[in-house]
Amino acid sequence: MSRLLDSINSPSDLKNLSHSEVEQLAAEVREELVSTVSVTGGHLASNLGSIELTLALHRVFNAPRDKLIWDVGHQAYTHKLLTGRRDRFKTLRQYEGLSGFTSRDESEYDAFGAGHASTSVSAALGMAIARDLSGDDYRVVAVIGDGAITGGMALEALNQAGHIGSNLIVILNDNGMSIAPTVGALSNLMGRVRFDHRFHEAKERSWRILRHLPFSNKLKSASEQVESGVKGLVMPTTLWEELGFTYMGPVDGHDIRRLEEAFAQARDFKKKPALVHVLTTKGKGYQPAEGDAVYFHGVSGQNGDVCDTPSYSEVFARTMLDVARENSRLVVITPAMPEGNCLHIVQAEFPERVFDVGICEQHAVTFAAGLATQNYTPVVAIYSTFLQRAFDQIIHDVCLQDLPVVFAIDRGGIVGDDGKTHQGTLDLSYLTLIPNLIISAPKDENELRHLLYTAIRCGKPMAVRYPRGTGLGVSMDDGLHVIPIGKAEVLREGSDVAILAIGVTVQAAMDAAENLSEQGIEATVVNSRFAKPMDSKLILDIARRIKRIITVEENTIKGGFGNCVLDLLQEENVCDVQVKCIGVPDRFIEQGTQEIIRNKYGLDATGIEATVLKLVCSIEPATSLPEVRK
């Protein structure tokens, strides 16, 4: 039996469908999402909750002329299915396949690329102003969740949009949670709207009566004039009105007729910006996801590895729990990622010392700085890709004041299937620029515990960067100890070449060295541990003795650990040494498994081995230090 979905090649194919056909299509999309994402992995629950919303949007608006901007972009799977990408949908989040987020490179229907939260309203306002300046008349719609709308950037944009009064539509997809349950006073306000039925039930009853009268339109217009006053008495929706928006809703996010009516009303309203409040259920129509929306927010897919080895995130959280039991002044802060950082482990025992501040990375860092001034030990648990959003706060509020804040940087390096927006390959470069900041990366999960303990005890700003995924399965020490700041570790001695590796690349360097030994090439392998301060004495000694150095890091080659080594050698006038830096090239790195990406860019054992062979055995002279620095 053929599916209705298979006949949808563009949004125009939706326009003439009956509502019963649209409901059938929604059911087919739901089945497609469950079957595909269960294999590819991805954001399942949020997409199941936004199917009807997406169908209604594409029936009311005329994309790509009308601009639809999806905040984060992770809930746009239905949008992809409806905009000519159905045949490639099985490649979602796969190497050289469809992105798990919106991407301007992928489709003209993706008006704005995304991956991080709270950007949609700013981008939409920019497009709306561009339209007005050009004298055009297309519509601009930002779709944003109740978690993302609490982010500072979104609130800044809402404030500006209301002030300007530009014709802009914001659709608030309110499912009561982002990744974890949404937090904050604004979230509580929206929750009161979500569950206060007094206003919209009264409104519905009244309109069912009035709509049959011959002068119903005039009555409706008059009722709308007093609506805001009544609404203010029974519902806390005046925030949006005070910001300069016309508030519409709440609307049942799974009733396509009501959604189309609300979206059409917003489309035709041109006096000032409008906000349509849509209530959805995360995981709608798939009972496991409805029952556990947090777990099904992001699923790994059937190909995900299952093993007993704990992840780096779990090791981090267990270490925090161990330290929290001994140190009553330890506080852990996360910007909306308590599950990803495994902080439920700590929260269960010390709920008063774990703070989820929502999608507010800048606030998280300065909040930590404030705690540090009062002799508390704050640990900011944050993904590498999100830490860059708080760059100024790291500089101005933490490091300038030399405050003892610990940055536990999860997902450092290649993250895999989430692709360009989520790779953690910039942090070593921008963090090494900052005075007073100590930067470290463990070679394995056991060393992660000791570096975290070191960061907590050192009394300085310190970052501990660790990768996504499971550890190496090494044995774990019973206790914790301090590692001397800036002290590297020689794991293997050899006289032909030295491999200075940091973080997750250390094991690959060791594997490469074993393979090279079988070919008669003996390599020294150094677990560098610290990108700043480096073990300068050891590096200089190696450079003067061995004369060939390869640095390895899962970070951009521009300004990273390798560049720090080159700077040291130049400062000490050690120029008679051959140096090759292995890292991520100067580009945004595509999606694909960690194994595929590491292999492609020479970051695995095979790639390191090949680089060493080229350096040691090449007939042509290897690059000298001055030439490298060009």
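First residue of the sequence shown? That's 2 in this note's numbering, and the numbers climb one at a time after it.
Just so you know, even glycine gets a beta-carbon here, dropped at the ideal spot from N, CA and C.
Inter-residue CB distance, residue i and residue j (contact presumed, cutoff 8 angstroms)
i, j, result
"residue 617", "residue 522", "6 angstroms"
"residue 78", "residue 593", "Going by Cβ atoms, the distance from residue 78 to residue 593 rounds to 19 angstroms, so no, they are not a contact pair."
"residue 423", "residue 455", "Not confirmed; about 28 angstroms, so no contact."
"residue 166", "residue 91", "Going by Cβ atoms, the distance from residue 166 to residue 91 rounds to 45 angstroms, so no, they are not a contact pair."
"residue 126", "residue 161", "6 angstroms"
"residue 101", "residue 93", "6 angstroms"
"residue 249", "residue 267", "6 angstroms"
"residue 47", "residue 75", "6 angstroms"
"residue 443", "residue 452", "5 angstroms"
"residue 384", "residue 417", "The Cβ separation is near 13 angstroms, so there is no contact."
CB of residue i within 7 angstroms of CB of residue j, strictly
i, j, result
"residue 360", "residue 388", "no"
"residue 355", "residue 380", "no"
"residue 450", "residue 367", "no"
"residue 573", "residue 541", "yes"
"residue 341", "residue 49", "no"
"residue 569", "residue 537", "yes"
"residue 582", "residue 612", "no"
"residue 498", "residue 527", "no"
"residue 318", "residue 346", "yes"
"residue 464", "residue 484", "no"
"residue 487", "residue 531", "yes"
"residue 513", "residue 609", "yes"
"residue 509", "residue 500", "no"
"residue 420", "residue 468", "no"
"residue 479", "residue 437", "no"
"residue 287", "residue 38", "no"
"residue 489", "residue 539", "yes"
Residue i - partner residues in DSSP beta bridges
i, result
"residue 552", "501, 582"
"residue 409", "382, 465"
"residue 173", "145, 278"
"residue 490", "528"
"residue 312", "471"
"residue 16", "According to DSSP, residue 16 bridges with nothing at all."
"residue 425", "414"
"residue 395", "Paired residue(s): none; residue 395 is not in a bridge."
"residue 1", "The structure shown has nothing for residue 1, since the chain only spans 2 to 631."
"residue 439", "463"
"residue 252", "279"
"residue 1", "Only positions 2 to 631 of the chain appear in the structure, and residue 1 is not among them; the question remains open."
"residue 70", "143"
"residue 247", "275"
"residue 533", "440"
"residue 632", "In this structure the chain extends from 2 to 631, so residue 632 is not present and cannot be described."
Neighbourhood of residue i by C-beta, 6 angstroms cutoff - its chain only, sequence neighbours within 5 removed
i, result
"residue 374", "none"
"residue 494", "525"
"residue 327", "none"
"residue 64", "12, 110"
"residue 399", "370, 406, 462"
"residue 141", "68, 125, 128, 129, 169"
"residue 516", "610"
"residue 394", "363, 366, 367"
"residue 121", "70, 72, 143, 145"
Residues near residue i in its chain [Cβ-Cβ closer than 8 angstroms; skip 5 each side]
i, result
"residue 196", "For residue 196, the pLDDT reaches just 43, beneath the cut-off of 50, and the residue's location in the model is therefore unreliable, leaving the point undetermined."
"residue 23", "15, 56, 60, 257"
"residue 6", "26, 29, 30, 33, 82, 87"
"residue 117", "73, 386, 387, 390, 422"
"residue 1", "Given that the chain is displayed from residue 2 to residue 631, the structure contains no residue 1 and the question cannot be resolved."
"residue 330", "376, 377, 378"
"residue 54", "144, 172, 174, 254, 260, 279, 281"
"residue 457", "324, 328, 331, 378, 380, 407"
Close-in-space but distant-in-sequence residues of the same chain around residue i (CB under 7 angstroms, 5 per side omitted)
i, result
"residue 124", "70, 113"
"residue 4", "29"
"residue 372", "332, 379"
"residue 270", "247"
"residue 8", "14"
"residue 322", "346, 347, 350"
"residue 263", "249, 250, 252, 277"
Check: residue i C-beta below 6 angstroms from any heavy atom of the ligand ZN
i, result
"residue 394", "Although the ligand ZN was asked about, the structure shown includes no ligands whatsoever."
Query - At least 3 beta-carbon pairs within less than 8 angstroms: the stretch 239-251 vs the stretch 37-48 - result: no
Query raised in the report: Do the stretch 164-180 and the stretch 134-148 touch if we need at least three Cβ pairs shorter than 8 angstroms?
Result: yes
Query raised in the report: Are three or more beta carbon pairs between the stretch 464-476 and the stretch 311-326 nearer than 8 angstroms?
Result: They touch, by the three-pair rule.
Report task. Please determine if the stretch 555-570 and the stretch 427-446 are in contact, where contact requires at least 3 C-beta pairs separated by less than 8 angstroms. Result -> Verdict: yes, contact present.
Requested in this report: Please determine if the stretch 594-612 and the stretch 504-522 are in contact, where contact requires at least 3 C-beta pairs separated by less than 8 angstroms.
Outcome: Segment contact: the stretch 594-612 against the stretch 504-522, three or more CB-CB distances shorter than 8 angstroms; contact assigned.
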